[in-house]
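Numbering (the numbering used here), first residue to last: 65 to 236.
Backbone N, C-alpha and C fix where the C-beta goes; we use that ideal spot for every residue, glycine too.
One structure below.
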Amino acid sequence: MTSRPAILLLACLTAGLSACSAEFSIGGQSVEDAATELIEGELAEQLDLELTAACPAVDEPEVGTEFTCTAITADGETVNIAGLVDREDHIDLGTTNVVRGDALATIAGQLAGAVTEQVGFEVTAECGDTTVVLPANNELVCTVDSAEAGEAPAIVTITDTDTGAFDWRIDG
Numbered sequence: 065m066t067s068r069p070a071i072l073l074l075a076c077l078t079a080g081l082s083a084c085s086a087e088f089s090i091g092g093q094s095v096e097d098a099a100t101e102l103i104e105g106e107l108a109e110q111l112d113l114e115l116t117a118a119c120p121a122v123d124e125p126e127v128g129t130e131f132t133c134t135a136i137t138a139d140g141e142t143v144n145i146a147g148l149v150d151r152e153d154h155i156d157l158g159t160t161n162v163v164r165g166d167a168l169a170t171i172a173g174q175l176a177g178a179v180t181e182q183v184g185f186e187v188t189a190e191c192g193d194t195t196v197v198l199p200a201n202n203e204l205v206c207t208v209d210s211a212e213a214g215e216a217p218a219i220v221t222i223t224d225t226d227t228g229a230f231d232w233r234i235d236g
């Protein structure tokens, strides 16, 4: 396949790409301790990743206070996490650079449809099936394949992990 310009494709996944939000009633804990516990427990389980979290102190955790945490995977990758005190003694967390393995099949299907529409012949796509921590450029490499043009890498740039929006281009 030839190189194509990037085309925006809005891919709204019902559960989002990361679908890794979690809520926690902090009770007597500090926001950072509650967030760390939640990240290393429930969030790590949702992502099927081993995570070691670091969260900054939140001095005055009033409703509406936003904070960020990071977590390191066993492979040394950094997961970015946005946090919010969404009501009294309660936090909500969500990853900002993670695509769950089950969402990759949805991305592949939408990518195949978009490429097929552009090139005019049937194309399949494969993006893997294990959770991916996106690099700083938010790029994911998938493979597109067709009887007419063969196999080529497709560079998928995730533009919004909440909605599943992405751009793509074919390299090769």
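Given a cut-off of 9 Å, decide if A108 and A146 are closer than it, judged by their beta-carbon atoms. Position 82 of the sequence shown holds residue 146. Position 44 of the sequence shown holds residue 108. No, they are not a contact pair.
For E101 and D156, I'd like the C-alpha separation in whole angstroms. The sequence position of residue 101 within the sequence shown is 37, counting from 1. The sequence position of residue 156 within the sequence shown is 92, counting from 1. Distance between the alpha carbons of E101 and D156: 13 Å.
Starting from E203, follow the beta strand (DSSP E) in both directions and report where the run begins and ends. For the purposes of this step, residue 203 is identified with residue 139 of the sequence shown, where counting begins at 1. Start and end: 203-210.
Pull up the distance between the alpha-carbon of E212 and that of T180, whole angstroms please. Position 148 of the sequence shown, counted from the first residue, corresponds to residue 212. Position 116 of the sequence shown, counted from the first residue, corresponds to residue 180. Rounded to whole angstroms, E212 to T180 spans 11 Å at the Cα level.
Using DSSP bridges, identify the partner residues of C133. In the sequence shown, counting from the first residue as 1, residue 133 sits at position 69. According to DSSP, which records beta bridges pairwise, C133 is partnered with I145.
I believe L168 touches C191 by the beta-carbon criterion, under 8 Å. Please report the beta-carbon distance rounded to the nearest angstrom. On the sequence shown, residue 168 is found 104 positions in, with the first residue counted as 1. On the sequence shown, residue 191 is found 127 positions in, with the first residue counted as 1. Between C191 and L168 the Cβ distance is about 4 Å, and since that is below 8 Å, they are a contact.
Does the beta-carbon of V127 have 16 or more other beta-carbons within 10 angstroms, so that it is buried, or is it exposed? For the purposes of this step, residue 127 is identified with residue 63 of the sequence shown, where counting begins at 1. V127 should be labelled exposed.
Buried or exposed for P125, please, with buried defined as at least 16 other CB atoms from any protein chain shown within 10 angstroms of its CB. What you label residue 125 is simply residue 61 of the sequence shown in a count that begins at 1. Result: buried.
Is the CB-CB distance between T142 and R164 below 9 Å? Counted from its first residue, the sequence shown places residue 142 at position 78. Counted from its first residue, the sequence shown places residue 164 at position 100. Cβ distance not < 9 Å, so T142 and R164 don't count as in contact.
Alpha-carbon spacing of A118 relative to I222, whole angstroms: For this step, residue 118 is matched to residue 54 along the sequence shown. For this step, residue 222 is matched to residue 158 along the sequence shown. Approximately 25 Å between the Cα atoms of the pair.
Name the one or two DSSP bridge partners that T188 has. In the sequence shown, residue 188 corresponds to position 124, counting from 1. Per DSSP, D209.
Measure the Cβ-Cβ separation of I171 and V208 and say whether it is below 9 Å. If you number the sequence shown from 1, residue 171 lands on position 107. If you number the sequence shown from 1, residue 208 lands on position 144. Cβ atoms of I171 and V208: not closer than 9 Å.
Which residues does DSSP list as the beta-bridge partners of E217? Taking the sequence shown and counting its residues from 1, one reaches residue 217 at position 153. This sequence places Pro at residue 217; Glu is not what is there. Paired residue(s): T207.
I'd like to confirm the pairing. Which residues does DSSP put opposite L102 in its beta bridges? The residue labelled residue 102 in the question sits at position 38 within the sequence shown. DSSP output for L102 lists no bridge partner at all.
Quick check on this structure: which residue in T116, Q93, Q110 has the alpha carbon closest to the alpha carbon of D123? Counting from 1 along the sequence shown, the entry for residue 123 is found at position 59. It is Q93 whose Cα lies nearest to the Cα of D123.
Kindly indicate which residue of E186, D231, G177 has the alpha-carbon position closest to the one of N201. Within the sequence shown, residue 201 is the residue found at index 137, counting from 1. Answer by Cα proximity: D231.
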